[in-house]
Structure formats: structure tokens, C-alpha cells
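I have placed the structure first, in the form of C-alpha cells, so that the comments after it can refer back to it.
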Amino acid sequence: MDGLKELVVDNPLVAFTTLLLVSLTLPPLFERLRLPGLVGLLFAGVVLGPSVLGLLDPAGDIEKLFADVGKVYLMFVAALEIDLKEFSRNRDRAMKFGALTFAIPLMGGILLGRWAGFGWVAAVLIGSLMASHTLLAYPIVMRLGVTRDESVTVTVGATIFTDIAALLVLAVCASLQGGDFSPLSLTLQMVGLAVYATAVLFGLDWAGRLYFRRTGSEQGNQFLFVLLAVFLVAVGAQMINVDKVVGAFLAGLAVNGVVGDGPVKEKVEFFGSVLFIPFFFVCMGLLLDVPVFIEALTDRLGLTVGIVLVLFLTKFLAAAIAGLWFRYSHIQILTMWSLSLPQVAATLAAALVGLQVGLITAPVFNAVIVLMLVTSLVGSTTTSRFAGQLPLPIGPSVLDDNISDDWLATEGIPQKPFVVVVPISNPSTQRYLIEMAAFIAQHEKGYVVPLAIAPAYAHMDDPQLLTALTHHQQLLQMAQAISDAVGTEARPQIRIDDDIANGISRTAREHHAQLVVMGRSQTEGLRARLLGSVIDNVFWASHCPVAVTRLKKAPIEIKRILIPVKIMTPQTIRTIRFGQVFAATHAASIILLHVSDPTHSAQDLQRFKDQLHAVLAEGDQVEYGIKCVRHDDPAAVILTAARHVDLVILRSMRRRTTGGLAVSDVTHQVIGTLTCSVVLFGEPHS
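Numbering (this note's numbering), first residue to last: 189 to 874.
Here you go:
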């Protein structure tokens, strides 16, 4: 055992391998136990740390490196995930609630810190640890379909205020630690921080947009630019005596609008979610001294319980005041409280900084870990309970604004003729793909553009290019024959491009296409996860909706179509429109399936069903059915219903959490399991 310990401690490669193994295996195991995956990472850190096995040393070079990098990356991703558009929609109320849910816990924490015998600076830091919040339960409100409820959007918007304010307090406290506290030093610190923040927010945003515009489709270089930006800003923050996590958060806000929701953001978040952020939580566990932790739960139980109780009470008080001010219902108030409870990202990063600079003691740090565990569990549980009682956000405005005769009208694009672009590369799946596109184009009195893209070479007379062009010409001749058999006009095109996704999206734009129909492979490899697949990039770059198909039978043989409907949004309506049009081309029937949370009332389900009837009445008249089910596992319900249909049409969505662990929506849970034909319907930036 001693030999193994020496090998792990003294060998950075073995330590790195150990971290990889832990990050891969423990989060799924703890999630099976209905515990957050990050709890498993913390547990691994405790077991592998000096308090138990001693296999990893928190003072080791590799551990210190990943603790710092993970801390920076965690705050960067937290800022990157803030929806600035959602914040701007309810900016006034979000700022008001943000101020309340920051100031009240801050004051409560300061009073608790002074009562426990800490100095003013340490007490203020303890208060700031309780003032921010992490949207750990946001995937739950997404699953419940209530993200558009104002109480939810206000709480989400308040995150930007609480995180910035908490990190500013951290920056001031850390800079004052060990120095003389004076109004002049505080003023100079705040002025320097304000100047630096302004330079980062505006300068990095300008530089990022310029670089992205000039590099075009070079996503690898854009990814490196984002990484360089975050660590450069973090280093710059240290140079002005501000902690690096403040710089990382500013960098995330600065590039938020630059990367948008595209493939570069996917790569940045994926890179952090599988590597840096899990390593950070493991390294946090290494810092936990088990005897001191037990002491925090026994001898210092009053401090630990006090921190937890003060947080719960002050967060509730802030939500209650804001809810009464905004005339919210008691369920909305409780939802705001439960969403603002979890303390993970900013809290842990700030606690680690406070411990490192000597602002807080080990018992306080351990109490913060307890706080994180309790709030993560209670916040998730209460959010599921209270948010499930919110009424589904459906209203006439959604229908009035989006029902039109032009079911896929694209802003700024001529509405007629209706053009469907069909990229082709696989002869074995080409027939079904062309037939589906031809049916839709014929129904809409338009035409199809079969598209073959040949890879670009430095010399246009390269023999490999000539061979590729000949092959693609044969594919287009087959596509022309299939379109002629259906009776739809086809305008085949060959394009030479060094990027397939850009070639598809550019051709669609040049032809004023209303729809792109693509094929999808059965599996998605690691390379696609790391570098992004063609489909992901087309979803991001295309100006019009994209239908990605995996057809198991000829379109004419598809008679029963299932369309799961989560919430009523313009995107949902257009997905239903697509299903209606395709069904109308060959007299098929559609089934709309809505899986609601068990806590939703029968009245809510009936209202939603009435809205679905209204949507269907405005589109192509086809045979249809509507099924509303209350169940806590939408994926299981969809998979059961899919056994009796020929085609399932799903919407494309992807989200991640600030904790860095990927959260799949129902689409990604079921698409790999379905055995029938599938259409993945996505819109630009969806």
C-alpha cells in the first residue's frame, strides 16, 4: 500500500489518470442513488485525500493546477450560461430581486459571522458566500415546462446580479486581508476594479466579434481564442490585486454574446464538463479534513447549523418580499426561493479563495461544504415540488403571433417558391431522403435542390477532386431520377467547399430555402462530441429550419406520426406544422403527445389540450389525435407510444448546467433508443 501511495503521490501522470477515472465513474454512480454527481466527486476527493487514503496531495503540483484551472473555468462557464436576452426581458424585476436576494443573506451572514467571533472582513466574506446562488435546479423547471413563467425568468436574471456582487465583495475582502482597511484603499480598489471590468466587458467583446468574423468557420482557433481570453483575463485580474475568479466571470460575460449558443460554446462547455470542473470538485474534496469536518458537525455544530438556517431564512425572506412586491402567487414565491437556494459555483470558488488567503477557517470551509450539500439536495427537491404546481405558460399570444399560412416563413426571405435543400452523400439512404423532401416541396408548390459537396483541394485539377466530382455527379443523377418519379422539380447542384456544414448552410441561403432535409447516422462518435458534427454545425449556421431524418421505410409507407409536445412555444407550433404538412402529402395521421408533470392539475391539462386543438385547426387538415398524460418519466412514455407508430418527430434542444455535467433533455434520452423512423426538427440557434 505504501508503494502504491508513493507511486501516485510522486507521479503526476498517475495522479492525472486517477482524476480521470474518478470523474468518469463516480458521478453516474451517485446519480443512480439520486444524489448530485458532484457529491460523488467531493466524496472521491475526501477518500483519496490525506485524511483517508492519502493517494492525492492537495499541495501537489498537478492537484493545485487543476484546482486553480477548475475554479477559473467554473466561474467562466457560470457567466457563459447566463441568458442575457432573458435577463433583458425582465431586467427591472430581476435587478430588484437580485438586490434583495443578495443584500438580505449578506446582512444575515455578517451578523452570524460577528456572533461567531470573526472580524469584520471575514464576516462580510461569510455573508457574501451566502448571497449568490447557482441555478442547479434549472433543468428541473425545463423538464416541467415552466421556464417562461415570470417568477422563473426573474430568478434566472437575478443570478447575474448576485454573482457579480458576491465576487466584487470577495475581491475587496481578499485585497484588504493583511492590509490596512481604509476608505482610500477601498476606493482605489473599487475604481481599479471598475476600470478593469469595463475594459474587459467592452474590449473583449469587440475583439471576440472581430476575431470570430475574420476566422469564419475555424472553430478550433475560435475555441483556443476563448480559452486564451478567460485565462488572460484571470491573470490580469491578479495583477490588479483581484482574485482570478472575478476575472473569469467577467470574461464569461464578455464572450457570452460572441459565442452565442453555437458549436464553439458547445466545445467550451464540453471541455470543462468532462475535465476541468469535475477535477475541481475532486480537489475541493482533498481539502476536507475529516476530523475537522466531524468537529464541524459536532463541536462546531452551532456554526454549521447557523449558516444553513440563516441562508434558508434570508433567501426565503428575499423571495417573499420580492413576490409580494411583484404580486406573485405563493407558489411563485416558493419557486423563487427554491431556485435561489443552491450554493455551488460562486460559493465554492469564493470559499476556496477565502481559505487560501486566510479569511475563513477550516471549520467555516467545512460548514460551507455542508451548506452546498444541503442546499443542492433541498433546492432540487423543493423546486420539483413547487415549480410543478405552476400553471403551464400557454396563452393566446403564442398562437396569435405565430399561426400563419406560411408555416416556415423565414424573415427577409421571399416566401415563394418553396425550396427544400437536400444534402446527399450516401446512396443507400438517398432515396427516402429525396422522396420526403420531394413530397413536402410538391405539397408547397416548390422544388428541391439535391446538393452534393466535394472536398476542396489546393489544385482544382487534383485527380482526387475529379474522382469526387464524378461520384457526386452520379449521386445527383440518381436524385434527379427519384424527384422525377415523385413528380417534383429538382435543381441538382454540386459545390466545392472545405467545410461541409458551411457548404450546406450557404447553399440554402443562396437558394432562399425554407427547409433543409438531412440524413442522420445511427451513432455519434467521440470525434463528433469533441469537434462537433456536421448536423450540429448546420443547426447553428442555417438561416432556416433543418429536418434531420433517420427513415426506416419509404415516406409513402409512413402512416402514423407521433409528435411529443412539451410546452407551447413558436418553435413547438412550427414543429407541429411540419408534421401536418408531411402527413398531408400522403394522407397520414398524427398524434400529439403531451407528458405533464404529475403535479399539474386536470384543468391545466385540459387548457393545454384546447391549445393543441387550436393549433391543429389552423394547419393542414389531417386525421389527428391528442393524448395528454401525467407522468414523471416523459422518455418512457414516448418510447412506449413510439412502438405503435411509424415516425416520431422530435425537437432539437441541448442544455448544460453550471456544475459542468451535461443535462440531456427528453430528445437526447430517447433518440438513440427509438427503433422506428425519426425526424429531429431544429431551427436556427435552437
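Glycine included, every Cβ here is placed at the ideal spot set by N, Cα and C.
Beta-carbon spacing of residue i, residue j below 8 Å
i      : j      : result
Ala439 : Val383 : no
Ile495 : Leu559 : yes
Gly297 : Val498 : yes
Val447 : Lys453 : yes
Val532 : Thr205 : no
Ile755 : Ala771 : no
Asp820 : Asp798 : no
Arg708 : Glu871 : no
Tyr635 : Thr695 : no
Gly473 : Ala325 : no
Pro822 : Val854 : yes
Leu358 : Leu313 : yes
Ala575 : Val753 : no
Ala629 : Leu317 : no
Gly237 : Ala203 : no
Val434 : Ala425 : yes
Leu505 : Ile292 : yes
Leu621 : Val674 : no
Leu657 : Gln618 : no
Leu835 : Val858 : no
Gln768 : Gly807 : yes
Val607 : His699 : yes
Buried or exposed (CB count within 10 angstroms, at least 16 for buried), residue i
i      : result
Val746 : Reading off the sequence shown, one finds Ile at residue 746, where the question assumed Val. The residue is buried, with at least 16 neighbouring Cβ atoms inside 10 Å.
Phe869 : buried
Met263 : buried
Asn614 : exposed
Ala669 : exposed
Pro758 : exposed
Ala790 : exposed
Pro451 : buried
Trp525 : buried
Leu687 : As written in the sequence, residue 687 is Asp, which differs from the Leu given in the question. Asp687 is buried by the Cβ-count criterion.
Asp589 : Confidence at Asp589 is low in this model, with a pLDDT of 46, below 50, so its placement is unreliable and the value that follows should be read with caution. Asp589 should be labelled exposed.
Ile482 : exposed
Val157 : Residue coverage of the chain in this structure runs from 189 to 874, which leaves residue 157 outside it and unanswerable.
Thr341 : buried
Met427 : exposed
Asp217 : Reading off the sequence shown, one finds Leu at residue 217, where the question assumed Asp. Exposed, because fewer than 16 other Cβ atoms sit within 10 Å of the Cβ of Leu217.
Val145 : Any answer about residue 145 is impossible in this case: the structure gives the chain only from 189 up to 874.
Ala805 : exposed
DSSP three-state assignment for residue i, whether helix, strand or coil
i      : result
Cys816 : strand
Thr861 : coil
Phe349 : helix
Val836 : strand
Asp650 : coil
Val240 : coil
Val866 : strand
Ala362 : helix
Gln791 : helix
Ile641 : strand
Pro371 : helix
Gln879 : In the structure displayed, the chain extends from 189 to 874; residue 879 sits before or after that span and is not available.
Arg843 : With a pLDDT of only 44 at Arg843, under the threshold of 50, the placement of this residue in the model should not be trusted; the figure read from the coordinates follows. Strand at Arg843.
Close-in-space but distant-in-sequence residues of the same chain around residue i (CB under 7 Å, 5 per side omitted)
i      : result
Leu653 : Ala642 and Tyr645
Arg697 : His731
Ile521 : Ala507, Ala508 and Gly511
Ala689 : Val722, Asn725, Val726 and Ala729
Met283 : Phe349
Arg281 : Val342 and Phe514
Asn255 : Per the sequence shown, residue 255 should be read as Ala rather than Asn. Excluding sequence neighbours, Ala255 sits near Phe468 and Cys471.
Residues near residue i in its chain [Cβ-Cβ closer than 6 Å; skip 5 each side]
i      : result
Asp200 : Contrary to the premise, residue 200 reads as Pro rather than Asp in this sequence. Around Pro200: Ile250.
Ala476 : The question names Ala, but residue 476 is Leu in the sequence shown. Cβ neighbours of Leu476 beyond the five flanking positions: Val234.
Ala436 : Val260, Met263, Phe264, Val418 and Ala422
Gln577 : Ile519 and Thr787
Leu208 : none
Thr258 : Just to set this straight, residue 258 is Gly in the shown sequence, not Thr. Here the set comprises Phe464, Ile465, Phe467 and Phe468.
Leu639 : Val609, Pro611, Gln681 and Thr695
Leu288 : Ala506, Ile509 and Ala510
Leu543 : Phe553
Close beta carbons around residue i, own chain, < 8 Å, minus the five adjacent residues each side
i      : result
Val825 : Leu781, Val783, Val817 and His819
Pro479 : Ser239
Closer than 7 Å: residue i CB and nearest the ligand SAH heavy atom
i      : result
Val817 : Absence of the ligand SAH is noted for the structure shown, with no ligands found whatsoever.
Complete alpha helix (DSSP H) runs within the segment 727 to 782 (minimum length 4 residues, chain order) = 758 to 772
Kindly provide the ranges of any alpha helix (DSSP H) runs that are 4 or more residues long and lie completely inside the segment 238 to 322, ordered along the chain.
-> 249 to 268, 272 to 277, 279 to 303 and 308 to 319
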